[in-house]
Amino acid sequence: MSNEASKPDIEEVKSNFIYQEIDKDLAEGKNEGKILTRFPPEPNGYLHIGHAKSICLNFGIARHYKAGCNLRFDDTNPTKEEVEYVDSIQEDIQWLGFEWEGEPKYASDYFEQLYEWAVLLIQKGKAYVCELSPEAIATQKGTPTTPGKESPYRNRSVEENLDLFARMRAGEFKDGEKILRAKIDMASPNMHMRDPLMYRILHRHHHRSGDQWCIYPMYDFTHGQSDYLEGITHSVCTLEFEVHRPLYNWFLDQILDGEAVPVRPRQIEFARLNLNYTVMSKRKLLELVQKDIVSGWDDPRMPTISGLRRRGYTPESIRMFADKVGVARRDNGIDIALLEYCVREDLNKKAMRVNAVLNPVKLIITNYPEDQVEMMETVNNPEDESMGNRTIPFSREIYIEQDDFMEDAPKKFFRLGPGREVRLKSAYIIKCEDFKKDADGNVSEIYCTYYPESRSGSDTSGLKVKGTLHWVSAKHAVDAEVRLYDRLFMDEEPDGHKDKDFKEFLNPESLTILSNCKLEPFLADVQPLDNFQFQRLGYFAADKASKPDHLIFNKTVGLRDSWAKANK
RNA sequence: UGUCCCGUUGUGUAAUGGUAGCACAGAUGGUUUUGGUCCAUCUAGUCCGGGUUCGAAUCCUGGCGGGACAACCA
-4 MSNEASKPDI EEVKSNFIYQ EIDKDLAEGK NEGKILTRFP PEPNGYLHIG HAKSICLNFG
56 IARHYKAGCN LRFDDTNPTK EEVEYVDSIQ EDIQWLGFEW EGEPKYASDY FEQLYEWAVL
116 LIQKGKAYVC ELSPEAIATQ KGTPTTPGKE SPYRNRSVEE NLDLFARMRA GEFKDGEKIL
176 RAKIDMASPN MHMRDPLMYR ILHRHHHRSG DQWCIYPMYD FTHGQSDYLE GITHSVCTLE
236 FEVHRPLYNW FLDQILDGEA VPVRPRQIEF ARLNLNYTVM SKRKLLELVQ KDIVSGWDDP
296 RMPTISGLRR RGYTPESIRM FADKVGVARR DNGIDIALLE YCVREDLNKK AMRVNAVLNP
356 VKLIITNYPE DQVEMMETVN NPEDESMGNR TIPFSREIYI EQDDFMEDAP KKFFRLGPGR
416 EVRLKSAYII KCEDFKKDAD GNVSEIYCTY YPESRSGSDT SGLKVKGTLH WVSAKHAVDA
476 EVRLYDRLFM DEEPDGHKDK DFKEFLNPES LTILSNCKLE PFLADVQPLD NFQFQRLGYF
536 AADKASKPDH LIFNKTVGLR DSWAKANK
């Protein structure tokens, strides 16, 4: 596998228990020393940050062992799956920096083989056609603490089962009329071994196989064999599939019938990622999309890969996050602050510093010549000298942030107020002489004088100030819309309440649109998804819909703000 | 009242019979033309009881607590 992720941009972690298990298998000489993993999404929604953990794990294992990782779509349910999802999943994986082995695989490619194996099981007396209704099967199945009852159809002859199953495939029956079940043990303590469904009738168009089939294999009858067919050595998945493992092994045992095979998949489970203040189920995310609670799967408030991308997260930051959350088997709840830390950490080194005033108030430097414009030199990124310098225009009238002025400021306030002095970043030190309020009592204009000898880079004034403000020259400013985001939910675990719907915890202020923002002219021709640090504010990325005549920026994450914290 | 899985600072995660470490979060101080970054310091943990052992987070055992499993979903 050769891909971007093979450049270790972060310390490679290989200490989790899955690596240790693989090392053991290798030491025992299993699978002829081969390693092949796989990422097996169902194309029924967009990928989210929880999938990113799995992707980084599976592709990361492949990278570590110089092996491959397959992408396989587990597309056995045509009622929920769509090509749009197939496409988005591929895009997201590639964006994250990974490359799968060969062509993408599809469980639907194995339908014919799976059908043959189903026939084999019937022939061996290990599967039968059942005609019970879903409700009847549910009651007959028992509960985790009480054994189930055998179906009256359980002991049909092999010939009758073969005939019925062939006619199921031929389309002689309606949806739900008949199913194929494995004949295992209705009293098993493991519910999945109580004669599980193998095939159901679904007269539905499939996104790949079209109308070729009207019976579709269940996931449980598909997954293990798909892994086997592809030669997957380590089938890494989340904990909820642990109880399925005996069933996968049972199917394979029946099919292999004692035959020694070079590679047999070994399933290893790990705990899924939980992030606080959000939900992480495709069903719930789909609901947010369908009910227009968010603008789509890639709404920047969504925990989807596409949402995070649009929000301004980088692939590196998400990989770093996956690395830091680790892999284990205990339930976990990750603090969203860790994700934010990762993106700040990455963007701090990469993002160009620019000036943007989100809530502007005009400031007039009364002793600065009316028509003078000076080009002030400023560093693009103090963390990376190679990013160089640029110049920004300075003039008599500028915009500063409303928050940077207080009429009656406390002693610890290092910004502007009557009689106070501050440095304008990359420009002069100014002193506030006066200000004006509008009819509503809001500060509408601030009047200052500047110290000509305090020019940035050649300051001979000897003046010392505590605060530095960002600013934008009024006549050179470009207008922009800036979208601020807060967490989508106000509760740490919105879907963790038994009697309350997760939507009750939606944060009504999760999106704030600022339409009167003033940016330095450099930002006039940005490309969608370009990352910047708006000096003193945070990291922002141009939205996918941003255009030169209507600039739109999304706030990725704010800078750490010890002033705001101290004032809480 | 079944089977299986899991309990390490607030949150994650290491330590695989031998000094309980790291990261995030939190606190304090220093540097700073971003109240950012960076640097330094601090806070805080092996669920409980018994056993094995020179020695237990680790092995055994009994509790307690949490999770998964009863879709013609994956």
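For the first sequence, position 223 (counting from the first letter as 1) is numbered 218 according to our numbering, and the numbering increases by one without interruption. By construction, the Cβ of each residue, glycine as well, lies at the ideal position given by its N, Cα and C atoms.
To the nearest angstrom, how far is it from the Cα of Trp292 to the Cα of Pro310?
18 Å
Have a look at the DSSP bridge pairing and note the partners of Val467.
Tyr394
Check whether Ile424 and Leu458 have beta carbons under 7 Å apart
yes
Looking at C-beta atoms only, is the number of pairs between the region 343 to 363 and the region 383 to 395 that lie closer than 8 Å three or more?
yes
Taking all protein chains shown into account, decide if Trp558 is buried (16 or more other Cβ within 10 angstroms of its Cβ) or exposed.
exposed
What ranges does the alpha helix (DSSP H) occupy inside the region 283 to 347, keeping only unbroken runs of at least 4 residues that lie completely in it?
300 to 306, 310 to 320, 331 to 345
Just mark Leu518 as buried or exposed, buried being the case when its beta carbon has 16 or more other beta carbons within 10 Å.
buried
Given 8 Å, three or more beta-carbon pairs between the region 179 to 199 and the region 210 to 218
With the cut-off at 8 Å, the region 179 to 199 and the region 210 to 218 touch.
Check this for me: beta carbons of Val552 and Glu335, under 7 Å apart or not?
Contact flag set, yes.
Nearest residue (CA-CA) to Pro543, options Thr32, Asp520, Arg531:
When each option's Cα is compared against that of Pro543, the closest is Asp520.
Identified DSSP bridge partners for Thr386:
Glu372
Rounding to the nearest angstrom, what Cα-Cα distance links Asp597 and Ala472 in this structure?
No answer is possible for residue 597: the residues shown for the chain start at -4 and end at 563.
Alpha helix (DSSP H) containing Val256: first to last residue?
First-last for Val256: undefined, no H or E at that position.
What does Glu264 pair with, by DSSP beta-bridge criteria?
Cys232
Output the residue ranges of the alpha helix (DSSP H) runs that lie fully inside the region 69 to 132 and measure 4 residues or longer, sorted by chain position.
78 to 90, 106 to 118
When burial is assigned at 16 or more other CB atoms within 10 Å of the CB, is Asp69 buried or exposed?
Burial call: buried.
Are Leu66 and Pro99 touching if we call contact CB-CB under 7 Å?
Their beta carbons are under 7 Å apart, which means Leu66 touches Pro99 by this criterion.
Cβ pair count under 8 Å reaching 3, the region 109 to 129 against the region 249 to 262:
yes
Along the chain, where does the alpha helix (DSSP H) that runs through Val460 open and close?
Membership of Val460 in any alpha helix (DSSP H) is not indicated, and neither H nor E is assigned to it by DSSP.
Since Gly63 sits in a beta bridge, which residues does DSSP pair it with?
Leu31
Could you check what DSSP says for Thr361 in three-state terms: helix, strand or coil?
coil
Give the single residue among Arg325, Pro212, Lys178 whose Cα lies nearest to the Cα of Asn11.
Arg325
What whole-angstrom Cβ distance do Leu506 and Arg478 have, given they're in contact under 8 Å?
Indeed, because the Cβ distance is near 6 Å, the residues count as touching under 8 Å.
Under the three-state DSSP convention, the category Pro523 falls into
The answer is coil: DSSP assigns Pro523 none of H, G, I, E or B.
Roughly how many angstroms lie between the CA atoms of Gly171 and Lys279, to the nearest whole one?
27 Å
Coarse secondary structure for Lys513, derived from DSSP in three states:
strand
Under three-state DSSP, which class holds Gly55?
Helix at Gly55.
Ile84 to Leu91, Cα distance in whole Å?
Ile84 and Leu91 have their C-alpha atoms roughly 11 Å apart.
Local Cβ density within 10 Å of Ser510, reported as buried at 16 or more and exposed below that
exposed
Which partner residues of Glu440 appear in the DSSP bridge assignment?
Lys357, Lys431
Tell me the rounded alpha-carbon separation between Ser301 and Ile313.
Rounded to the nearest whole angstrom, the CA to CA distance from Ser301 to Ile313 is 12 Å.
Grouping DSSP H, G and I as helix and E and B as strand, with all else coil, what is Gly414?
In this structure, Gly414 counts as coil in the three-state DSSP scheme.
Looking at the structure shown, is Glu499 part of a helix, part of a strand, or coil, going by DSSP?
helix
From the DSSP output, in three-state form, read off Leu479 for me.
strand
Within 10 angstroms of the Cβ of Arg418, are there 16 or more other Cβ atoms? Answer buried if so, exposed if not.
buried
Please identify the residue among Tyr446, Asp496, Leu464 whose C-alpha is closest to the C-alpha of Ser456.
Tyr446
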